[in-house]
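Down below is the structure, laid out as structure tokens.
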Amino acid sequence: MQTPLNIAFHNTPADPGIEADIRERVDKLERLFDGLIGCRVAVEAQHQQHRTGNVYDVHIELVVPGGELVVSRQPKKAQQKYANPDVRTSIRDAFQAAERQLKDYKAQLRGDVKSHAVEVPGQIARLVPEEDHGFIMTGTGTLLYFHRNSVLDGDFDALSVGEPVNYVEDMGDTGPTAAKVFRRGPARQSGGAG
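First residue of the sequence shown: 839, per the numbering used here; consecutive thereafter.
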């Protein structure tokens, strides 16, 4: 890390054992993501519980290229999950969440995060079977080209003009196209025009 680790204790005395545990967990995060710039960890005792002891809030800020990732383990969640929450449980949970966020951030930087395709309703406006393509009328009234190979059930020849379909739009070489076309419901559900 470019910036030294900053550990703070609030409403509780500093504990060398807890501090060593935190340092070990931060080292693991550094091995997971070598671009980590800095890290701040705050351990705060929220209030004294006579039966269960202190409830701890652990707040972790990871400074990464382009911003910060922040994790905070709320004391109420710790009370519900564990009969006797302690500082080590809160630290473990907070660092597990930080590790998940760091892995997600790393995947995002690599471009591994896939965008989810959105299916949009439309209807077949024109078919040109001799040239293996057709056009879908979109909800905005525009025509969208699709190729025979875009029909997912492989039954291009069974499509009819006016048939309702769902499609996923993609950017082709010449502009937007329907990359995937799904038939909706039974064929000729709307009585389609020929």
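Glycine residues also receive a C-beta, built at the ideal position from the N, C-alpha and C atoms.
- Counting every other CB atom within 10 Å of its CB across the protein chains shown gives Arg863 a total of 16 or more, marking it as buried.
- Going by C-alpha positions, Arg948 is about 11 Å away from Lys941.
- Using a 10 angstroms sphere on the CB of Leu870, the tally of other CB atoms stays under 16, which defines it as exposed.
- No Cβ-Cβ contact shorter than 8 Å links Gln884 with Asp872.
- The beta carbon of Ile898 lies closer than 6 Å to those of Val879, Val909, Ala932 and Ala936 in the same chain, with the five residues before and after it left out.
- In this chain, Gln934 is not harboured by any beta strand (DSSP E); it is covered by the alpha helix (DSSP H) spanning Val925 to Arg948.
- Distance between Glu857 and Arg926, taken at the CA atoms: about 11 Å.
- Rounded to the nearest whole angstrom, the CA to CA distance from His985 to Asp865 is 52 Å.
- In this structure Glu1007 is buried. Its beta-carbon is surrounded by 16 or more other beta-carbon atoms within 10 angstroms.
- Within a 10 Å sphere around the beta-carbon of Ala1016 sit 16 or more other beta-carbons, which makes this residue buried.
- Here Val881 is buried: its Cβ has 16 or more other Cβ atoms, across all protein chains shown, within 10 Å.
- In the DSSP annotation of this structure, the continuous segment of the beta strand (DSSP E) that includes Val879 starts and ends at Gly876 to Ala883.
- In this structure Val1003 is in contact with Val1019, their Cβ atoms being roughly 5 Å apart against a cut-off of 8 Å.
- In the structure shown, the three-state DSSP call for Ser998 is coil.
- For Gly855, the closest C-alpha among the options Ile929, Glu906 and Met975 is that of Ile929.
- Annotation for Val989: Val1019 place their beta carbon closer than 6 Å to its own, counting only its chain and skipping 5 residues before and after.
- The beta carbon of Glu906 sits closer than 8 Å to those of Glu899 and Leu900, all from its chain and outside the five residues before and after it, given in chain order.
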